[in-house]
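What follows is one structure encoded as structure tokens, with my remarks underneath.
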Amino acid sequence: MHIRFRAPALAVAGALAVVFGVIVSAGQATPYRAPRGPDGKPNLNGIWQALNEADWDIEGHSAGPGRVMALGAEDAVIPGLGVVEGGPLPYLPAAAAKKKANFEKRLTLDPEIKCYLPGVPRAMYLPQPFQILQSQKHIMMAFQYAGAVRTIYMADQTPAPADSWMGWSNGKWEGDTLVIDTTGFNDLSWFDRAGNFHSDELHVVERITATGPDHLNYEATIEDKKVFSRPWKMSMPLYRRKDKGARLLEFRCVEFVEDLIYGALRKGAK
Amino acid sequence: MRYRALAFGAALAAVAVMAGHTVAGQSPAAPAKKAIPRTPDGQPDLQGYWTNSTYVPLERPDKVTKALYTESEFAALVKDAASREAEQTEPGTVADVHYDFSQFGLDRSQSAFVKNDLRTSMIVDPATGRMPPLTEEGKKRAADRAAERRRAGATTDAVQNMPIGTRCLIMAGSGPPMMNAGYNSNYQIVQSPGYVTILVEMIHDARIIPIVDGKQAALPASMTQWMGDSRGHWDGDTLVIETTNLNGKNPFRGSSEKMKVTERLWRIDANTLGYKFTIDDPGTWTQPWTAEAPMTKSVGPIFEHACHEGNYGVRNTLAGARLEDRKAAEAAAKKTSN
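Going down the list, the protein sequences come from chains A and B. Numbering-wise (the numbering used here), the first sequence opens with residue 92 and increments by one. Numbering-wise (the numbering used here), the second sequence opens with residue 542 and increments by one.
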């Protein structure tokens, strides 16, 4: 009896496997296809925002007390699973010590506190929206925070002419993925409020792919031989801001930090 | 760094068209005679790098009564202005410590600009080439602002007393309206479906203009911004940008926060964009007024202008003033003890 049933059972299982196999491979073969822009390229235009806690700390972290006692729970660290793939950040020994020191002095050293340009990739997951403005030769990214801007050169590509906060970005399409290669960074921006940092050797390769009408997958590979023992990767979804009349508003924060930065130099200041 | 030769030929050709346009007083919405470049979705293509650097003043100078200079008058005027710019690098002067304008190509005589724009003012309406008279409210506001500045004390007393450009908050050229600054009067226009974005080099200000055809309401009156809230539409091949909801902290020639700015931007030819703006602020001027400030093709790319991040000027100026304060206090104490 057993033998008799075995053959048909195997056959059924085999048939099922084939069916499943087809379904699975079909699923893999037809990823989301983004609508095309007028030039036939995937249309990534829109107002986007990360919905995670990476700006507090790109690595997984528990909730914690804030930096400013008077702000109580409003300044407390919001827990997050982190966006770094594959284990702790591969800091070189001296860099690990510097990260620790950064964390301890984050209230005075974090460039975000001084309204400085956020750098890349931090601009992409700050808790404020940004807009992709996609043309053929240039793709612009405008960030609400500090009015930061990136220009992605799809044409007229050159090496970085000099170091800058937001780096020098050259882009290309790999299928439906926008691949951005950014170099020419200074060593002044951070990855987050926890003091994760880089040097002027930073090299960021980002891959941006639409995974649905209102979602992008964002990946960034970070290479920095002065700070990390190997390249590492972060990834996260970005979400379309669907609020009615959504637009970037001004967050011209220089005005808000002037007394913090220059207040001690005011006439009559103690 | 010297773009003189590059800009010259282009500007000559461009300005002939521009000057004719201005003098003839044609409507910017008049249909273009030649086919203009278009984006893949059919918008007039305004993209590229542009500058509104110019020697034409906003208002017609006193004693000038005509609308156009002769070419020789204009050449003399440019020469005179260029020499004044070069003077800023006179060795041993305070200005010399600041910048060498000519070395870095920041002086207008080396940059791309509309070389043969012979107009004696940017203002085309009123016909006097000058801003209309201030209203009583406008006069009072100007007086109040001057009194407030005196009350606040010296510009070296506190960062808040300094000009907003010095503080890296916003520059005059950011607009609206977009006006030439002393240097770096450069813009990059990028068009994407539904948007025209104008990147202002100074302080990396990106003006994102949604093409809403009147369908998007302005922000509520309770929400104001430094650059206001801009909405765009195409009037034929002319981009029209209407801006309200300004916060009034960057007044334009004494304007109020109620100012409405209507800008018109259109392509004249490969090397020139027409740019015209109308200021409507009944609380400040007795009538609306209009100026034209064409843009000429410039060369890119535009590099990051991280103004605030590198603002040693404010820190050093304040620190120097506080040192002077301490010296003065010490001298006074010494005098008392004697």
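For glycine and all other residues, C-beta sits at the position ideal for the given N, C-alpha and C.
Bridge-paired residues (DSSP) for residue i
i	result
residue 221 (chain A)	A:139, A:234
residue 303 (chain A)	A:306
residue 852 (chain B)	BP columns for residue 852 (chain B) are empty, so no partner.
residue 783 (chain B)	B:772, B:803
residue 294 (chain A)	A:314
residue 808 (chain B)	B:814
residue 326 (chain A)	A:310
residue 269 (chain A)	A:264, A:299
residue 846 (chain B)	In DSSP, residue 846 (chain B) forms no bridge with anything.
residue 362 (chain A)	This structure cannot speak to residue 362 (chain A), because chain A is shown only from 92 to 361.
residue 886 (chain B)	Outside the modelled stretch of chain B, which goes from 542 to 879, sits residue 886 (chain B), for which no answer is possible.
residue 836 (chain B)	B:814
residue 830 (chain B)	B:820
residue 598 (chain B)	The partner list for residue 598 (chain B) (beta bridge, DSSP) is empty, contrary to what the question assumes.
residue 590 (chain B)	B:729
residue 255 (chain A)	A:276
residue 664 (chain B)	B:832
residue 609 (chain B)	B:660
residue 675 (chain B)	B:826
residue 585 (chain B)	B:579
Proximity below 8 Å, CB of residue i to CB of residue j
i	j	result
residue 746 (chain B)	residue 759 (chain B)	no
residue 170 (chain A)	residue 267 (chain A)	no
residue 815 (chain B)	residue 682 (chain B)	no
residue 236 (chain A)	residue 260 (chain A)	no
residue 298 (chain A)	residue 310 (chain A)	yes
residue 157 (chain A)	residue 174 (chain A)	no
residue 807 (chain B)	residue 820 (chain B)	no
residue 662 (chain B)	residue 601 (chain B)	yes
residue 217 (chain A)	residue 209 (chain A)	yes
residue 225 (chain A)	residue 135 (chain A)	yes
residue 318 (chain A)	residue 183 (chain A)	yes
residue 223 (chain A)	residue 232 (chain A)	yes
residue 676 (chain B)	residue 859 (chain B)	no
residue 137 (chain A)	residue 757 (chain B)	no
residue 773 (chain B)	residue 741 (chain B)	no
residue 765 (chain B)	residue 797 (chain B)	no
residue 763 (chain B)	residue 592 (chain B)	no
Neighbour list for residue i in chain B, Cβ cutoff strictly below 9 Å
i	result
residue 136 (chain A)	733, 734, 735, 736
residue 129 (chain A)	580, 581, 582, 583, 734
heavy atom of the ligand NAP below 7 Å from residue i C-beta
i	result
residue 217 (chain A)	The model depicted lacks the ligand NAP and carries no ligand whatsoever.
Proximal residues of chain A, C-beta to C-beta of residue i below 8 Å
i	result
residue 710 (chain B)	343, 345, 346
Listed by chain order, chain B residues near residue i by CB distance under 8 Å
i	result
residue 339 (chain A)	749
residue 233 (chain A)	738, 747, 749
residue 336 (chain A)	757, 758
residue 349 (chain A)	700, 701, 708
Chain A contact residues for residue i, given Cβ-Cβ distances below 7 Å
i	result
residue 699 (chain B)	357, 358
residue 746 (chain B)	238
Partner residues on chain B for residue i, Cβ-Cβ distance less than 7 Å
i	result
residue 353 (chain A)	700, 855, 856, 859
residue 176 (chain A)	Residues of chain B passing the Cβ test: none, with the nearest at roughly 29 Å.
In chain order, which beta strand (DSSP E) runs of at least 3 residues are fully inside the stretch 694-771 of chain B? 727-733, 736-741, 746-751
Any C-beta of chain A within less than 8 Å: which residues of the stretch 725-744 of chain B qualify? 729, 731, 732, 733, 734, 735, 736, 738, 740, 744
Whole beta strand (DSSP E) runs in the stretch 118-183 of chain A with 3 or more residues, listed along the chain? 137-141
Residues of the stretch 218-231 of chain A with a CB closer than 9 Å to any CB of chain B: list them in chain order, please. Flagged, chain order: 222, 223, 224, 225, 226, 227, 228, 229, 230, 231.
Against chain A: residues of the stretch 575-586 of chain B by CB proximity under 9 Å: Residues of the stretch 575-586 of chain B that bring their beta carbon within less than 9 Å of a beta carbon in chain A comprise 580, 581, 582, 583, in sequence order.
Chain A contacts from the stretch 854-868 of chain B (Cβ-Cβ distance under 8 Å): 855, 856, 859, 860, 862, 863, 866
Return the residues of the stretch 245-270 of chain A that lie within a Cβ-Cβ distance of less than 8 Å from chain B, sorted by chain order. Residues 247, 249, 252, 253, 255, 256, 257.
Residues of the stretch 839-854 of chain B whose Cβ lies closer than 8 Å to any Cβ of chain A, in chain order: If the cut-off is 8 Å between Cβ atoms, the stretch 839-854 of chain B has 841, 842, 843, 844, 845, 847, 849, 850 near chain A.
Going along the chain, which residues of the stretch 311-326 of chain A sit with their C-beta nearer than 8 Å to a C-beta in chain D? Of the protein chains in this structure, namely A and B, none is chain D.
Residues, ordered as in the chain, of the stretch 811-834 of chain B that lie near chain A by beta-carbon distance below 7 Å: From the stretch 811-834 of chain B, no residue has a Cβ closer than 7 Å to chain A.
Contact residues within the stretch 711-722 of chain B, judged by C-beta distance below 8 Å to chain A: 711
Residues in the stretch 753-770 of chain B having any Cβ partner in chain A nearer than 7 Å: 757, 766, 767, 768
Just by C-beta distance, which residues in the stretch 190-211 of chain A are closer than 9 Å to chain B? 202, 205, 206, 207, 208
Give, in chain order, every residue of the stretch 676-699 of chain B whose Cβ lies closer than 9 Å to some Cβ of chain A. Cβ contacts with chain A: 694, 695, 697, 698, 699.
Scan the stretch 295-306 of chain A for residues whose Cβ lies nearer than 7 Å to a Cβ of chain B and list them as they occur along the chain. none
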